[in-house]
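Peer 1:
Structure representation (structure tokens):
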């Protein structure tokens, strides 16, 4: 997962030493749950998502740039939120750099901007009701 996180070209991790293997383990085993996407041929991890039930936040959702625009992020997003809202009705939040493809992705997925973080990132929130409405809209669009 670290290789994917370090490969992205937007929302770049400013200090890779701040995220350790122990952090990944903590978020996956204690704080929430995570999902990975693997390339079929190589088995290489090409994307991952992690949600934190304690802080009610998305800790990570990243896709390796070589695998952009293939629906991987959308699938991970769906799996993550379906699990999250099956475990709590609390709204979930995340933050991302402004002016990025991630910002546009979250807006398209129904997230609502609620302001800025202290570091200038856009803070988004998604309620269980908004998630259910998004699912209903997606099912009607098919």
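Residue numbers (our numbering): 10 to 151.
We treat Cβ as the ideally placed atom computed from N, Cα and C, and that holds for glycine.
(1) What does residue 62 pair with, by DSSP beta-bridge criteria?
(2) Judging by CA-CA distance, which residue of 128, 69, 76 is the nearest neighbour of residue 102?
(3) Taking only the alpha-carbon atoms, compute the straight-line gap between residue 140 and residue 30 and give it to the nearest angstrom.
(4) With distances taken between CB atoms, is the gap from residue 44 to residue 58 smaller than 8 angstroms?
(5) Could you give the DSSP three-state label for residue 48: helix, strand or coil?
(6) What would DSSP say about residue 140, mapped onto helix, strand or coil?
(7) Starting from the C-beta of residue 105, find all residues in its chain whose C-beta is less than 8 angstroms away, skip the five residues before and the five after it, and write them out in chain order.
(8) Once you ignore the five residues that flank residue 99 on each side, which residues in its own chain have a CB closer than 6 angstroms to its CB?
(9) Starting from the Cα of residue 94, find the closest Cα among 137, 56, 80, 72 and give me that residue.
(10) Would you please state the rounded distance, in angstroms, between the beta carbons of residue 62 and residue 96? I believe it to be under 8 angstroms.
(11) According to the Cβ coordinates, are residue 52 and residue 85 closer than 8 angstroms?
Peer 2: Quick look at the numbers:
(1) According to DSSP, residue 62 bridges with nothing at all.
(2) Of 128, 69, 76, the residue nearest in Cα terms is 69.
(3) Roughly 31 angstroms separates the two Cα atoms.
(4) In contact: residue 44 and residue 58 (Cβ atoms closer than 8 angstroms).
(5) Correct three-state label for residue 48: coil.
(6) DSSP places residue 140 in the helix class (H, G or I) of the three-state scheme.
(7) Around residue 105: 20, 111, 112, 115, 130, 131, 133.
(8) Setting aside the 5 residues that flank it on each side, residue 99 is surrounded in the same chain by 65, each with a C-beta closer than 6 angstroms to its C-beta; the list follows chain order.
(9) Comparing alpha-carbon positions, the option among 137, 56, 80, 72 lying closest to residue 94 turns out to be 137.
(10) Yes, they are in contact, since the Cβ atoms of residue 62 and residue 96 sit about 6 angstroms apart, within 8 angstroms.
(11) Between residue 52 and residue 85, the gap from beta carbon to beta carbon reaches 8 angstroms or more.
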